[in-house]
Amino acid sequence: MILVHKIELVPNNQQSNYFARACGTSRFAYNWALARWNEIYKAGGKPKEAALRRELNSLKAEQFPWMLEVTKVAPQQAIKNAGEAYSRFFKKLGKFPRFKKKGILDSFRADNGPAKAGQDAVPVEGKYIKLPRIGWLKMREPLRYEGQVKSVVVSRRADRWFAAIAVDTDQLPHVRKNHGTVGVDLGVTTLATLSTGEKITGPKAHKALLNRMRRLSRSLSRKKKGSANRHKAKQKLARLHAQIANIRADALHKLTTGLVLDHTVIGIEDLNVKGMARNKRLARHVMDQSFGEFRRQLEYKAKWYGSTVVVADRFFASSKLCSACGVKNPAVVLGVSGWDCPSCGVVHDRDENAAINLEHWAVSSTATACGSESSGCAAWQRSETMPS
Ligand SMILES: [Zn+2]
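The opening position of the sequence shown corresponds to residue 1066 in this note's numbering, with each subsequent residue numbered one higher.
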C-alpha cells in the first residue's frame, strides 16, 4: 500500500530558488503538452502523452535550453499529469484540462524517476532528505512511514515548500475501532451531520479567518498596481489562503478517518447534486471542492480499513423522506432546518433525518449485494493510491 506523508521543507535561498525554477519548468511542460494535445486533436490526430514526452525531449536542448537546469523528471511527470488530466476528462471524472498559472498549485516531481526494486527513489534519513541537483535538505519532521520511498513531489503553498513523499508500506496509520453503520449529510454551516445525531461543526477559527480574508482582499484592491505594498498585501493574502486550506484539509482528514475507523458501512449522498442546488458562487466553489475531497478521502481510507462507502442514487430524496415512516414530504425545501412529518407526526432535524435515510439506503444496498447485512460485504482489497 502506498501512503503519502507531506512534510514541510526548510530550504535555503539557493534551494528555494531551484524549487521555483523547477516549478516553472514543470508548469511550462504541462502547458506545452496541453497546447500540443489540443492542436493534434483539432487536426484529427490522436494525442498520446508518451509521444509528447518524446517530442519535447527532442526539442528542449535547442529550443528551451533552460529546461536542462532542473531534473528531467519534472517536465516528464508534468506531461504524464497532462495525459492523466485528459483521460480523467474523457472518463467524466474531471473538467477539461486548463492551463496552469504561475503561483497556483505550483509543484514538480523532485526525484530521479521510478524507484528501482529494493531501493528508495531518494535517500531519507531522520529529518533530512536528499534531492537530485540539490543535495541534503532539512525537513520539519521525520518521515512517518517505514518502507520503500517511491516518489517525491515538491509543492508550494504561499511562501512555504512541502515534499509529498510516497512510501510503499504495510503500516496502516490507525487501528479499526468499531463495526457500525452510519449515514452522513454534508453541509455548509455544519460540516457534517451523522445519522447518530452528532453534528461536526468543523474548525472554529474558520469564520474569523474568512473575515480577515475579506478585509485583506479589499485592502489589496486599493493598493497601486506594481507597488511594493501591493506585493506585500498579495503575499499576506496567499498565506492566509494557505492557512484556511490547511485547517479545512485537517478537519476533513479527521472526519473521514474517524468515519472509516468506526463504521464498516457508510452512506453518503451524490455530492454533485447537492453542490448544484446552492447559489452563492464563492461558497459553492469552496463547498464543491471540499465535498469532492471528502468523498475521495473517504473512498481511499475505506479501502485501507475494509469499509464500504455507498453513494446514494442522485434521485434519492434523502432530505424529503421521513426516516420514521418512509413517506415523502415535498414541502421540505432548502433552508428549512426542521419539519414535522405530515403522516406520522415525528419531528425531524432536517440534516439528521437525511443522514438516517442515507444510512438506511447504504445498509439495504449492501444487504442486497451480499445476501445479508452481516455477511462481511466489506471484502475490499487493500489497494494502492498514488500521490495526488
Ligand atoms: Zn413519518
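The beta-carbon is built from N, C-alpha and C at its ideal position, and this holds for glycine as well.
Could you check the C-alpha separation between W1445 and K1242 for me, to the nearest Å? For W1445, the pLDDT reaches just 30, beneath the cut-off of 50, and the residue's location in the model is therefore unreliable, although a value from the coordinates is still provided. Between W1445 and K1242, the C-alpha separation is close to 17 Å.
Give, in chain order, every unbroken run of the alpha helix (DSSP H) that is at least 4 residues long and sits entirely within the segment 1359-1441. 1415-1435
For G1252, collect the residues of the same chain with a Cβ closer than 8 Å to its Cβ; drop the 5 residues on either side in sequence, then sort them by chain order. T1258, D1416
Just the C-alpha distance for H1318 and L1074, rounded to the nearest angstrom, thanks. 21 Å
Report buried or exposed for S1091, applying the criterion of at least 16 other Cβ atoms within 10 angstroms of its Cβ. buried
If I'm right that D1185 touches Q1213 with Cβ under 8 Å, what's the distance once you round it to whole angstroms? 6 Å
According to the neighbour-count rule (16 or more other Cβ atoms, all chains shown, within 10 Å of its Cβ), is R1313 buried or exposed? Under this definition R1313 is a buried residue.
So what's L1074 in DSSP terms, helix, strand or just coil? strand
Taking the Cβ atom as the reference point for each residue, do I1169 and W1097 lie within a distance shorter than 9 Å? For I1169 and W1097, no; Cβs fall outside 9 Å.
Below 9 Å between beta carbons: does that hold for T1255 and T1329? no
Measure from the alpha carbon of N1103 to the alpha carbon of each residue in K1289, A1150, M1132, then state which is nearest. Nearest option by C-alpha distance: A1150.
Counting beta carbon pairs with one atom in the segment 1079-1089 and one in the segment 1122-1135, are three or more of them shorter than 8 Å? yes
Would you kindly work out how many angstroms separate the C-alpha atoms of T1373 and K1272, rounded to a whole number? 33 Å
Please classify L1124 as buried or exposed, where buried requires at least 16 neighbouring CB atoms within 10 angstroms. The residue is exposed, with fewer than 16 neighbouring Cβ atoms inside 10 Å.
Quick one: is the Cβ of A1389 within less than 8 Å of any heavy atom of ligand 1? Taking non-hydrogen atoms of ligand 1 into account, the C-beta of A1389 is found less than 8 Å away from one of them.
Cβ-Cβ distance between S1384 and D1250 below 9 Å: yes
DSSP three-state label for A1223, please. If DSSP states are grouped into helix, strand and coil, A1223 belongs with coil.
Reference I1067; option with closest CA among A1419, D1315, A1231: A1231
Count the other CB atoms, across all protein chains shown, that sit within 10 Å of the CB of A1420; report buried if there are 16 or more and exposed otherwise. The residue in question, A1420, is buried, as its Cβ has 16 or more Cβ neighbours within 10 Å.
Enumerate in chain order the residues of its own chain whose CB-to-CB distance from V1412 is below 6 Å, with the five nearest sequence positions on each side excluded. D1405
Which residue comes first and which comes last in the beta strand (DSSP E) that contains V1325? No beta strand (DSSP E) holds V1325; the alpha helix (DSSP H) holding it covers 1293-1327.
Could you check where the beta strand (DSSP E) with A1257 kicks off and where it finishes? 1257-1259
Take A1100 and list the residues in its own chain whose beta-carbon comes closer than 6 Å to its own, dropping the five residues that flank it on each side. none
Residue of A1316, Y1365, V1375, K1215 minimising C-alpha distance to S1355: Closest option to S1355, judged by alpha-carbon separation, among A1316, Y1365, V1375, K1215: A1316.
Which one or two residues does DSSP pair with A1108 in a beta bridge? Answer is none; A1108 lacks a bridge partner.
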